[in-house]
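Worksheet for the structure shown next.
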Amino acid sequence: MARVRLAVFDMAGTTVDDLVDGVPLVLKCYDDAFRAHGVSVPMEVLNEQRGRDKWTVIRELGGTKAELIYAQFLGALRENTGRVKEIRGASETFRFLKDRGVKVVASSGFPAEVAEAIVHGLGWDRKDLIDSWVCSEQVGASRPDPAMILYAMRKYGVEEPRTVVKVDDTANGIEEGLNAGAVTVGVLTGTQSVQRLEAACPDVVLGSVGELPGYLQGRGLL
């Protein structure tokens, strides 16, 4: 098999622990914003939206109140960005890959300003742990569309999809990787079950991002 040249990592739930007061930040901000404007969306429906562009989700579920809901959602994200932390093993995995010449890209369905604030807050750019980051807002398409992965491939001159690995904690993110033709890895550090992730048919489901180096080495992909 071809060796990996590019690794694209989801942020919230995959490399970023977004639990705030025991609740995933994205789900809490969704729920609070919808409720504040009298729109009832079951939590299980919101959980299925993880990994997608946030404005797209709110536009689809918020009806005529979508703009008001999104404004409140974005404000709540801004207020809580500094409370997130890195998932154990993320930095070590980034460094392991970069030391072997693999380009490392963080990707997110967060708005650009929120994704950037998280990257800066965790010091990934300052510590040279990632090469760049990209969000769905920048490419104009939401997961499971593979636009973010294809953007990263063009940016780094990677033409062969199977030299790309995509790591994500959501079914939408796994489908994104499959749609790009990448080696696709699910992780169990988010809110979706192993059954839900396996139903999306990734190459493998791992416990966490920290297990990725061993998996890639064991498969001869590095």
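Note that the numbering used here has the sequence shown beginning at 6, numbered continuously upward. Note that the Cβ used here is the ideal one computed from N, Cα and C, for glycine as well.
If you look at residue 62, you'll find it in the alpha helix (DSSP H) that goes 59-67. Put simply, the backbone Cα of residue 83 is about 35 Å away from that of residue 168. The three-state reading of DSSP puts residue 91 in strand, counting E and B together.
Residue 98 and residue 69 have their C-alpha atoms spaced approximately 43 Å apart.
When DSSP states are grouped into helix, strand and coil, residue 206 belongs to the coil group. Here residue 189 carries a strand assignment [DSSP, helix/strand/coil]. Within its own chain, the residues whose Cβ lies closer than 8 Å to the Cβ of residue 75, once the five positions on either side in sequence are excluded, are 38, 59, 60, 63, 64 and 67, listed in chain order.
If the five residues before and after residue 20 are omitted, its C-beta is found closer than 6 Å to the C-beta atoms of 14, 92, 95 and 214, all from its own chain and listed in chain order.
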